[in-house]
Amino acid sequence: MKSMQFKVGPMDNFSYVVWDESSAEAALIDPAWEPGKLEAFLKKERLALKMVLLTHAHPDHVNGVNYFAGKNSGLPVYLNAEDQFMLEERPAGLRDAAEGDKIRLGAGVITVMRTAGHTQGSVCYLVPGAVFSGDTLFVGECGRVDLPGSSPEALYNSFVRLAGLPSANALYPGHSYNGDTSTMGVQKEYNLYLKLALQGRREDFLKAVK
Ligand SMILES: [Fe+2]
């Protein structure tokens, strides 16, 4: 599967187009700002939009959903059930993205990894060789846990699981904070939070995120 990163909006958000080359079927991850940019790319590459994948329900990640859902009636929109209450408008095709779910995209498969912490319903989406981490894991940083519904303890458990992903996996975060992309291997070496999780240092992790 292939992917393209788009830096959009006033908060350095990333949206992504992910697609299966053999079928030209595409998914949008966190379409929020400048939806026309994503739409133009789909058109240029002759990709058929089949679904929207949301990492969590904060407005800066979801506010472009209805632009696409309005033009594609019943477009599947995946969002973990725990975050669905935050949506101002529920798209008709809203579906749960639950731990371990396998979502087919053409000949490819996208796996849902539940990573609560930044929000209760935060997830990461795994494709072969890459992880789309939303606001859970950034280059050199972790997601904020001082927001309503955030949980430092849950984020620690999520980081322990993320630390188990193969080092060769590319990391595609939800914002451009210290960088645009990395690999899980580099993050395991240089990301303080991932290092603490790898070492099982729960108390130090909880202190560091506060
Ligand atoms: Fe967020």
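Number 170 in the working numbering belongs to position 172 of the sequence shown; there are no gaps in the numbering.
Don't be surprised by glycine CBs; every beta carbon is placed ideally from N, CA and C.
These numbers come from a predicted model, not from an experiment.
- Hey, would you say the C-beta of T113 is under 8 Å away from at least one heavy atom of ligand 1? As a working mapping, residue 113 is identified with position 115 in the sequence shown. It does not: the Cβ of T113 is nowhere closer than 8 Å to a heavy atom of ligand 1.
- Query: Helix, strand or coil for P33 per DSSP?
  - Reply: As a working note, residue 33 is residue 35 in the sequence shown. Residue state, collapsed to three classes: helix.
- When the Cα atoms are used, what is the spatial distance from G7 to I27? In the sequence shown, residue 7 corresponds to position 9, counting from 1. In the sequence shown, residue 27 corresponds to position 29, counting from 1. Distance between the alpha carbons of G7 and I27 is about 15 Å.
- Fully enclosed by the stretch 131 to 174, which alpha helix (DSSP H) runs are 4 residues long or longer? 150 to 160
- CB contact flag (F66, P150, <9 Å): Residue 66 sits at position 68 when you count from the first residue of the sequence shown. Residue 150 sits at position 152 when you count from the first residue of the sequence shown. No; because the gap between Cβ atoms is not below 9 Å, this pair is not in contact.
- Alpha carbon to alpha carbon, how far is H116 from T53? Translated into positions along the sequence shown, residue 116 becomes position 118. Translated into positions along the sequence shown, residue 53 becomes position 55. Whole-angstrom Cα-Cα distance: 10 Å.
- Task: Could you spell out the range, first to last residue, of the alpha helix (DSSP H) harbouring A22?
- Result: Here residue 22 corresponds to residue number 24 of the sequence shown, with the count starting at 1. It is not in any alpha helix (DSSP H) - A22 carries neither H nor E in the DSSP assignment.
- Message: Using C-beta distances below 6 Å, list every residue in its chain close to I101, excluding the 5 sequence neighbours before and after it, in chain order.
- Response: If you number the sequence shown from 1, residue 101 lands on position 103. Only I108 meet the Cβ criterion.
- Query: Do G132 and ligand 2 come close, with the Cβ less than 8 Å from some heavy atom?
  - Reply: Ligands in the displayed structure: ligand 1; ligand 2 is not one of them.
- Query: What's the call for V185, buried or exposed, on a 16-neighbour Cβ count within 10 Å?
  - Reply: Residue numbering aside, residue 185 sits at position 187 when the sequence shown is read from its first letter. Per the sequence shown, residue 185 should be read as Gln rather than Val. Buried: at least 16 other Cβ atoms inside 10 Å.
- Whole-angstrom distance between L192 and V16, CA atom to CA atom: Counting from 1 along the sequence shown, the entry for residue 16 is found at position 18. Counting from 1 along the sequence shown, the entry for residue 192 is found at position 194. Approximately 25 Å, taken between the alpha carbons.
- Touch test, the stretch 126 to 133 against the stretch 70 to 87, Cβ-Cβ under 8 Å, three pairs minimum: no
- Message: Looking at A95: is its Cβ nearer than 9 Å to the Cβ of N78?
- Response: The residue labelled residue 95 in the question sits at position 97 within the sequence shown. The residue labelled residue 78 in the question sits at position 80 within the sequence shown. Cβ atoms of A95 and N78: closer than 9 Å.
- Message: Assuming G183 is part of the alpha helix (DSSP H), what are its boundary residues?
- Response: For the purposes of this step, residue 183 is identified with residue 185 of the sequence shown, where counting begins at 1. From DSSP, the alpha helix (DSSP H) with G183 extends over 182 to 188.
- Query: Which of helix, strand or coil does DSSP assign to M(-1)?
  - Reply: Here residue -1 refers to the residue found at position 1 of the sequence shown. Coil, per DSSP.
- Message: Using the Cβ count rule (16 or more neighbours within 10 Å means buried), how would you classify Y175?
- Response: Within the sequence shown, numbered from 1, the residue matching residue 175 stands at position 177. So Y175 ends up on the exposed side.
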